[in-house]
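Trainee: In the numbering used here, the protein residues as written are 26 to 319.
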Amino acid sequence: MRKQPTVLIGLGATKSGTTWLYHYLADHPQCHVRSRKELHYFDNLEPEALQRERDKVGKKAEELSFRATTAKGALRTRVRKRFDDALDWLLVLNDTDDERDYAYVCFLKTGAEGAPVVADITPSYAIQSEDVYHRMAKVAPDTRFLYLMRDPVARLWSHVRMNAEKSNKPKQFETHCADMLQAALDDKLPEMRARGDYASALEKARVLPEGKFLPLFYEDIFGGDGLQRLCAFAGLDYVPADTAKKHHEGKSLKMTEGQERAAFDMLRPQYDAVRDYMGTLPRAWQDKVNKFGG
Numbered sequence: 026m027r028k029q030p031t032v033l034i035g036l037g038a039t040k041s042g043t044t045w046l047y048h049y050l051a052d053h054p055q056c057h058v059r060s061r062k063e064l065h066y067f068d069n070l071e072p073e074a075l076q077r078e079r080d081k082v083g084k085k086a087e088e089l090s091f092r093a094t095t096a097k098g099a100l101r102t103r104v105r106k107r108f109d110d111a112l113d114w115l116l117v118l119n120d121t122d123d124e125r126d127y128a129y130v131c132f133l134k135t136g137a138e139g140a141p142v143v144a145d146i147t148p149s150y151a152i153q154s155e156d157v158y159h160r161m162a163k164v165a166p167d168t169r170f171l172y173l174m175r176d177p178v179a180r181l182w183s184h185v186r187m188n189a190e191k192s193n194k195p196k197q198f199e200t201h202c203a204d205m206l207q208a209a210l211d212d213k214l215p216e217m218r219a220r221g222d223y224a225s226a227l228e229k230a231r232v233l234p235e236g237k238f239l240p241l242f243y244e245d246i247f248g249g250d251g252l253q254r255l256c257a258f259a260g261l262d263y264v265p266a267d268t269a270k271k272h273h274e275g276k277s278l279k280m281t282e283g284q285e286r287a288a289f290d291m292l293r294p295q296y297d298a299v300r301d302y303m304g305t306l307p308r309a310w311q312d313k314v315n316k317f318g319g
């Protein structure tokens, strides 16, 4: 009997290299991913949320169907693949409650053609409950979890810039970023703060099976041995990658020292919690602690 593939679940965190990771795994000869990077399965388990996700995916499928009729050449092939995957994903979302987890894993495996690893990289899984963590751990005989962490201040600022860039508000980009950062500091954007709550994610991860959870620093992926450790953990041969290539890096804007200090003051517990859990911090993190920590 053929061995079932390892299911690798990327928990996050947002703006910590998860899109880069998805593309790396998509190109890896031993890993299979579908064309939808973020499946948002385990963060839409409740009936109302599930229906909203069905509606969202259905609308996307309609859009892709139209695009497939107008696209040309290689683009048409890619769009058609995304359309087919959207239809397959709708079948999963419309399955019965007691069969949906099984259908989820079957979706991941479809097209794997013997690849030893299949993956779902959805950063928002990190902010789900311990019960959801338990459920994720049981979807396959070998389910492993990867959690990427980036310097908390840098991650928050990247998240701010991404959301400001996506917004249609008629503001100068610098002003919009400043206002959005202040809203986060004032706890008016709780999900943005939650996406970088490493302390909570690491605590919940204690319920996962021993040896099945790997927390990694973004800084080690892009400037250390993090990729080698990731591959060893996932059961993949190490394949070098272009770590200089970024995805969704967003519009550039430097923080003022005042903004950086205010963000650090809010996020100081994250630095402390990660150091306690990991036993060390990357240089970029430690530099922030030395500069603003007193």
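Note that beta-carbon positions come from the ideal geometry of N, C-alpha and C, so glycine has one too.
Please classify D250 as buried or exposed, where buried requires at least 16 neighbouring CB atoms within 10 angstroms.
Mentor: One-based indexing of the sequence shown puts residue 250 at position 225. With fewer than 16 other Cβ atoms within 10 Å, it is exposed.
Trainee: Given a cut-off of 8 Å, decide if G221 and Y177 are closer than it, judged by their beta-carbon atoms.
Mentor: The sequence position of residue 177 within the sequence shown is 152, counting from 1. The sequence position of residue 221 within the sequence shown is 196, counting from 1. In the sequence as presented, Tyr is not what sits at residue 177; that position holds Pro. Yes, the pair counts as a contact, with Cβ atoms nearer than the cut-off.
Trainee: What are the partner residues of R169, as DSSP defines its beta bridges?
Mentor: Numbered from its first residue, the sequence shown carries residue 169 at position 144. The partner list for R169 (beta bridge, DSSP) reads L33.
Trainee: Can you say whether P166 is buried or exposed, counting buried as having 16 or more other CB atoms within 10 angstroms of its CB?
Mentor: Locating residue 166 in the sequence shown gives position 141, counting from the first residue. Result: exposed.
Trainee: Whose C-alpha, out of A93, A137, A74, I146, is nearest the C-alpha of L118?
Mentor: Counting from one through the sequence shown, the residue named residue 118 turns up at place 93. Among A93, A137, A74, I146, the Cα nearest to that of L118 is on A74.
Trainee: Along the beta strand (DSSP E) that carries P240, what are the first and last residues, could you check?
Mentor: Here residue 240 is taken as the residue at index 215 of the sequence shown, counted from 1. Residues 238-242.
Trainee: From this set, L241, E63, M303, which residue's C-alpha is nearest Y175's C-alpha?
Mentor: Position 150 of the sequence shown, counting from 1, holds the residue named residue 175. Correcting the residue type first, residue 175 is Arg in the shown sequence and not Tyr. Residue L241 is the option with its Cα nearest to R175.
Trainee: Could you spell out the range, first to last residue, of the alpha helix (DSSP H) harbouring A269?
Mentor: By one-based count along the sequence shown, residue 269 stands at place 244. Premise fails: A269 is in no alpha helix (DSSP H) and is neither H nor E.
Trainee: Find the nearest neighbour of Y129 within the set L278, Y302, L70, K270, judged by alpha-carbon distance.
Mentor: On the sequence shown, position 104 is the one that residue 129 refers to. Out of L278, Y302, L70, K270, L70 has the C-alpha closest to the C-alpha of Y129.
Trainee: For the putative contact between L133 and R59, defined by C-beta atoms under 8 Å, what is the C-beta separation to the nearest angstrom?
Mentor: Indexing the sequence shown from 1 puts residue 133 at position 108. Indexing the sequence shown from 1 puts residue 59 at position 34. Contact flag correct, Cβ pair sits at about 7 Å.
Trainee: Quick one, which of Y49, G42, G37, T44 has its alpha-carbon nearest D262's?
Mentor: The residue you call residue 262 lines up with position 237 of the sequence shown. Checking every option, the nearest Cα to that of D262 belongs to Y49.
Trainee: What are the complete beta strand (DSSP E) segments, minimum 3 residues, inside the segment 89-176?
Mentor: Listed in chain order, they are 142-146, 168-174.
Trainee: Between the Cα of F67 and the Cα atoms of D113, G275, S154, T121, which residue gives the shortest distance?
Mentor: Locating residue 67 in the sequence shown gives position 42, counting from the first residue. When each option's Cα is compared against that of F67, the closest is S154.
Trainee: Since F170 and L233 are thought to touch, with beta carbons under 8 Å apart, how far apart are those beta carbons, to the nearest angstrom?
Mentor: Here residue 170 refers to the residue found at position 145 of the sequence shown. Here residue 233 refers to the residue found at position 208 of the sequence shown. Right, their Cβ atoms sit about 6 Å apart.
Trainee: Which first and last residues belong to the alpha helix (DSSP H) in which H201 is found?
Mentor: Counting from 1 along the sequence shown, the entry for residue 201 is found at position 176. Here the alpha helix (DSSP H) through H201 covers 198-210.
Trainee: Taking DSSP's pairing of strands, which residues face C56 in a bridge?
Mentor: The residue labelled residue 56 in the question sits at position 31 within the sequence shown. Paired residues: V142.
Trainee: Going by the CB atoms, is the gap between H53 and S149 shorter than 8 Å?
Mentor: Against the sequence shown, residue 149 aligns to sequence position 124. Against the sequence shown, residue 53 aligns to sequence position 28. No, these two residues do not count as a Cβ contact at 8 Å.
Trainee: Smallest Cα separation from A137: which of D156, D145, H57, L255?
Mentor: One-based indexing of the sequence shown puts residue 137 at position 112. If we check each option's Cα against that of A137, H57 comes out closest.
Trainee: Closest to D109 by C-alpha separation, out of K85, D120, T95, would be which residue?
Mentor: Position 84 of the sequence shown holds residue 109. Cα-wise, what sits closest to D109 is K85.
Trainee: For G251, report the span of its alpha helix (DSSP H) as first-last.
Mentor: The count along the sequence shown starts at 1 and reaches residue 251 at position 226. Segment 251-259, the alpha helix (DSSP H) holding G251.
Trainee: Of the residues A189, T95, F289, which one's Cα is nearest the Cα of S277?
Mentor: In the sequence shown, the residue the question calls residue 277 occupies position 252. Of the candidates A189, T95, F289, the one whose C-alpha sits nearest the C-alpha of S277 is A189.
Trainee: Could you say which of T31, A38, R254 lies nearest to R180 if we only look at CA atoms?
Mentor: Taking the sequence shown and counting its residues from 1, the one referred to as residue 180 is at position 155. Of T31, A38, R254, the residue nearest in Cα terms is A38.
Trainee: If you follow the alpha helix (DSSP H) that R293 is in, where does it begin and where does it stop?
Mentor: Reading the sequence shown from its first residue, position 268 is the one you call residue 293. From DSSP, the alpha helix (DSSP H) with R293 extends over 282-303.
Trainee: Assuming the contact rule is C-beta atoms closer than 8 Å, A259 and Y172 should be a hit. Round their C-beta distance to whole Å, please.
Mentor: Position 234 of the sequence shown holds residue 259. Position 147 of the sequence shown holds residue 172. Actually they do not touch by this definition, with Cβ atoms about 13 Å apart.
Trainee: My understanding is that G35 touches A144, with C-beta atoms under 8 Å, so please give their C-beta distance in whole angstroms.
Mentor: Within the sequence shown, numbered from 1, the residue matching residue 35 stands at position 10. Within the sequence shown, numbered from 1, the residue matching residue 144 stands at position 119. Their Cβ separation, rounded to whole angstroms, is 7 Å, which keeps G35 and A144 in contact under 8 Å.
Trainee: What span of residues does the alpha helix (DSSP H) with E71 cover, start to end?
Mentor: Along the sequence shown, one-based indexing puts residue 71 at 46. Counting along the chain, E71 falls outside any alpha helix (DSSP H), and DSSP gives it neither H nor E.
Trainee: What did DSSP end up calling S225 once you bin it into helix, strand or coil?
Mentor: Position 200 of the sequence shown, counted from the start, is the residue given in the question as residue 225. Correct three-state label for S225: helix.
Trainee: Tell me whether G83 sits in a helix, a strand or coil according to DSSP, three-state version.
Mentor: Within the sequence shown, the letter at position 58 stands for residue 83. Reduced to three states, the DSSP call for G83 is helix.
Trainee: Tell me which residues share the same chain as K28 and place their Cβ nearer than 8 Å to its Cβ, disregarding the 5 neighbours each side in the sequence.
Mentor: Locating residue 28 in the sequence shown gives position 3, counting from the first residue. Closer than 8 Å at the Cβ level, and outside the excluded window around K28, lie P141.
Trainee: State the DSSP-derived secondary structure class of E78, mapped to helix, strand or coil.
Mentor: As a first step, residue 78 is located in the sequence shown; it is residue number 53 there, counting from the start. Of the three classes helix, strand and coil, the one that applies to E78 here is helix, per DSSP.
Trainee: What's the call for K313, buried or exposed, on a 16-neighbour Cβ count within 10 Å?
Mentor: As a position in the sequence shown, residue 313 is number 288, starting the count at 1. The residue is buried, with at least 16 neighbouring Cβ atoms inside 10 Å.
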